[in-house]
Amino acid sequence: YAGNALRGYGNLIIIKHNDDYLSAYAHNDTMLVREQQEVKAGQKIATMGSTGTSSTRLHFEIRYKGKSVNPLRYLPQR
Numbered sequence: 001y002a003g004n005a006l007r008g009y010g011n012l013i014i015i016k017h018n019d020d021y022l023s024a025y026a027h028n029d030t031m032l033v034r035e036q037q038e039v040k041a042g043q044k045i046a047t048m049g050s051t052g053t054s055s056t057r058l059h060f061e062i063r064y065k066g067k068s069v070n071p072l073r074y075l076p077q078r
C-alpha cells in the first residue's frame, strides 16, 4: 500500500514481506514508491515528513498476522 487514505497516518507505505509480516512507515513527506511496486532491502522508499501530524517524525511498525509486534526483535543490533 502507498497512499494517504488511512486517517491519522498521513502518507503511508505498507510493505508486505510475506503472508505473515508487514512493515508500515507513516507521516512521509514524499513517497518514492508506488502501490504494488517491488522494493529491495536498503532501497529508499520515502522521505520523512509531518503528514497527518504536527511535527516531522517517522511512525514505524511491524505487524505479524495483523498484530503489532516489538520491532527491536527484527532490527539489527547496534
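According to the UniProt record's numbering, the sequence shown is numbered sequentially starting from 1.
We put the beta carbon where it would ideally sit given N, CA and C, even for glycine.
In this text, all values refer to a predicted model and were calculated from it rather than measured experimentally.
(Q) If contacts are defined as beta-carbon pairs under 8 Å, then G52 and Y9 qualify, I think. What distance do you get, rounded to the angstrom? (A) 5 Å
Q: Alpha carbon to alpha carbon, how far is M31 from L6? Give it in angstroms, no decimals.
A: 15 Å
Q | Three-state secondary structure (DSSP) of L72 | A | helix
Q: Return yes when the Cβ of I15 is within less than 8 Å of the Cβ of V39, no when it is not.
A: yes
Q: Could you have a look at L12 and say whether DSSP puts it in helix, strand or coil?
A: strand
Q: From the DSSP output, read off the bridge partner residues of N28.
A: N11, M48
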